[in-house]
Amino acid sequence: MKKIVFTLTLIMMMAFSGLCFASDGSDLNKEQKIAETFMGVFTKEQAPEYAVVSKDFSDNLKKSVSERTYKKLPAEVKEKFGNVKDVNFRAFEKFEQEDRVTYLATFDKQPVAAIIFVFDKNQKLVNYVFTPIQQASK
């Protein structure tokens, strides 16, 4: 009987502690969805409409990335990095004032590039950056 009570108590403790540690899950899911929608600019044949993507922009990002700038982005990415081959989620970092979602991508002209999305506490996209990663020579 003691073993059964102990086992049930242990199972309940593990279940409740698992819920406590998963608090960032909803933040990650929402921010990943926003990032993946934005990446449709260069991963899909037809880029998402500016209105769809910009609804998740912060006010400052809306000022710096106008609809005209947004429409030029696919050509700029293609010119600098080439066609995208593969994009994979890499990391979710939670800071006091912001969250960062990082993807690693491979392109024709650039073997590896990091695509970093920065979100504020309201889960609005504040900034994004494409960073080429140089591979160490052997």
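1 is the number of the first residue of the sequence shown in my numbering; add one for each residue after it.
Virtual Cβ for every residue (Gly too), placed ideally from N, Cα, C.
Beta-ladder partner(s) of residue i, from DSSP
i: E93; result: R100
i: I115; result: Y103 and F130
i: L125; result: F57 and F119
i: F86; result: The sequence given here has Asp at residue 86, not Phe. Partner(s): T106.
Proximity to residue i [Cα-Cα], best of the options
i: Q32; options: V112, R100 and E76; result: R100
i: E96; options: A114, N83, V118 and Y103; result: V118
i: M39; options: Y70, Q110, V112 and M1; result: Y70
i: I34; options: N83, V129, Q123 and Q134; result: Q123
i: E79; options: K121, Q110, N88 and K94; result: Q110
i: E93; options: E36, I116 and L61; result: I116
i: V87; options: R68, D108, E49 and E76; result: D108
i: Y103; options: P132, K72 and I11; result: P132
Beta-carbon proximity of residue i to residue j, cut-off 8 angstroms
i: E98; j: V53; result: no
Environment of residue i [buried if 16+ CB atoms lie within 10 Å]
i: A113; result: buried
i: V5; result: exposed
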